[in-house]
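Participant:
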Amino acid sequence: MNKDNLKKLEALNQIKLTDAQKEDVLSFFAKREEDVHALDEINTKGVKMMAHVMPLAIELREDVVKQICSRQELQVQAPQTDAGYFCVPRVID
Numbered sequence: 081m082n083k084d085n086l087k088k089l090e091a092l093n094q095i096k097l098t099d100a101q102k103e104d105v106l107s108f109f110a111k112r113e114e115d116v117h118a119l120d121e122i123n124t125k126g127v128k129m130m131a132h133v134m135p136l137a138i139e140l141r142e143d144v145v146k147q148i149c150s151r152q153e154l155q156v157q158a159p160q161t162d163a164g165y166f167c168v169p170r171v172i173d
């Protein structure tokens, strides 16, 4: 991150930073860049790639269909029904 990029970000986000705030932002991103370079220096040869930090086992459950409510129970409070279907007002003529 440099001053030109920060100026573009100010314009893009429609904000105005003070000089002290600009220095804080630039120092923050400079520290993050140092952190990234430190991570790049770590030797990871021989380390197996992972999708998660901890090994996860996928527990599959049996797919069972259960009817919790009957059609009649669901339509008790419906304003209008016809032959087991909800009646709704026509929206488009």
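Residue numbering for the sequence shown follows our numbering, starting at 81 and increasing by one per position.
Using N, Cα and C, we set each Cβ at its ideal position, and we do this for glycine too.
All of these numbers come straight from a predicted model, not from anything done at the bench.
1) Can you name, in chain order, every residue of its own chain whose Cβ lies under 8 Å from the Cβ of Lys-88, other than the five neighbours on each side?
2) Starting from Lys-83, trace the alpha helix (DSSP H) in both directions and tell me its first and last residue.
3) Hey, would you say Leu-92 sits closer than 8 Å to Lys-102, going by beta carbons?
4) Compute the Euclidean distance between the alpha carbons of Glu-139 and His-132, then round it to the nearest angstrom.
5) Within a Cβ cutoff of 7 Å, which residues of the same chain sit near Arg-151, ignoring the five residues on either side of it in sequence?
6) Quick check on DSSP: helix, strand or coil for Asp-162?
Facilitator: In this structure, then:
1) none
2) Run containing Lys-83: 83 to 93, per the alpha helix (DSSP H) assignment.
3) no
4) 16 Å
5) Gly-164
6) strand
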